[in-house]
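Peer 1: Numbering-wise (my numbering), the sequence shown opens with residue 5 and increments by one.
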Amino acid sequence: MPTIAVIGDALECLAAIRSAPEARTIASVRAVTGGYRAVVIGVDIRGLRTPREVRARLRHIEDQCASLCGRMRRLEHILLVVNGSDVPSEDTLLRMNDSAARRIHTQLEQAYARSIVITAVLAERCDDAELLASRVIARAREREALDAGIALRWTDIVRTSIGVAGMNAYL
């Protein structure tokens, strides 16, 4: 039985995870039900022209996360896989996603009295969908995380797991 729901934009880098036995692709956030432990959300921001548009897109994702957490008792992880945008620099985009991940984690914890790990991966430079799938699946299997709301670049997780990269960034 799949333990990971994959929703959102059909990014090319998510092809391997969409076909993994642990994952099931679902058409929309409203259609996600059941006992999934993790949800992967593809976030396409390539067409956005301003930082304000990027922030608005991330706020929309916050609403989706709240909807998921409210309905799914077994949910432990939400992973945002974000492709790049030329509007803000990569560093600015990383900070925006890191802030969003922390904010989502805090909001869900306050609203639902549960700690949901929120991980954003900037995957614009991803050239290995199989490795990304492996990293995402491993992250979804983690029980606890110090870095409960974090954003990482693809280059941060090429040589190590998301958990280790996140812990290093957290410390």
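Idealized CB from N, CA, C, for every residue including glycine.
What residues in its chain sit with their C-beta under 8 Å from that of Ser32, if we drop five residues either side in the sequence?
Peer 2: Same-chain partners within the cutoff: Ile11.
Peer 1: Over what stretch of residues does the alpha helix (DSSP H) that includes Leu18 continue unbroken?
Peer 2: Looking at the DSSP string, Leu18 is not in any alpha helix (DSSP H), and its letter there is neither H nor E.
Peer 1: Confirm, please, whether the CB-CB distance from Ile108 to Cys69 is below 7 Å.
Peer 2: Yes, these two residues count as a Cβ contact at 7 Å.
Peer 1: Enumerated in chain order, which unbroken segments of the beta strand (DSSP E) with a length of 3 residues or greater are wholly contained in the stretch 22-55?
Peer 2: For the stretch 22-55, whole beta strand (DSSP E) runs of length 3 or above, ordered along the chain, are 27-29, 42-47.
Peer 1: Excluding five sequence neighbours on each side, which residues of the same chain lie with their C-beta closer than 6 Å to the C-beta of Cys17?
Peer 2: Excluding sequence neighbours, Cys17 sits near Ala127, Cys130, Ala133, Leu136.
Peer 1: With 16 other CB atoms within 10 Å as the buried threshold, where does His81 fall?
Peer 2: Counting Cβ neighbours within 10 Å, His81 comes out buried, since at least 16 surround it.
Peer 1: Look at the alpha carbon of Asn172 and the alpha carbon of Thr123, and state the distance between them as a whole number of angstroms.
Peer 2: Looking at the two C-alpha atoms, the distance is approximately 14 Å.
Peer 1: Which full runs of the alpha helix (DSSP H) of 4+ residues lie inside the stretch 54-100, going along the chain?
Peer 2: 55-75, all fully within the stretch 54-100.
Peer 1: Between which residues of its own chain and Thr110 is the CB-CB distance below 8 Å, once the five residues before and five after are set aside?
Peer 2: Correct list, in chain order: Gly153.
Peer 1: With contact counted as at least three CB pairs below 8 Å, one residue from each stretch, are the stretch 60-68 and the stretch 17-28 in contact?
Peer 2: They do not touch, by the three-pair rule.
Peer 1: In the DSSP assignment, find the alpha helix (DSSP H) that holds Ile141 and state where it starts and stops.
Peer 2: It spans 133-145 - the alpha helix (DSSP H) in which Ile141 sits, taken as one unbroken run.
Peer 1: Cutting at 6 Å between CB atoms, please list the residues of its own chain near Ala155, excluding the five before and the five after it.
Peer 2: Same-chain partners within the cutoff: Leu98, Asn101, Asp102, Ala105, Ala124.
Peer 1: Suppose the cutoff is 8 Å on Cβ atoms and the five residues either side in sequence are ignored; what does the same chain contact list for Pro6 look like?
Peer 2: Here the set comprises Pro25, Glu26, Ala27, Arg28, Tyr40.
Peer 1: Tell me where the alpha helix (DSSP H) around Thr7 begins and ends.
Peer 2: No alpha helix (DSSP H) contains Thr7, which DSSP labels as neither H nor E.
Peer 1: Would you check if the distance between the CB atom of Val85 and the CB atom of Gly46 is smaller than 7 Å?
Peer 2: Yes; because the gap between Cβ atoms is below 7 Å, this pair is in contact.
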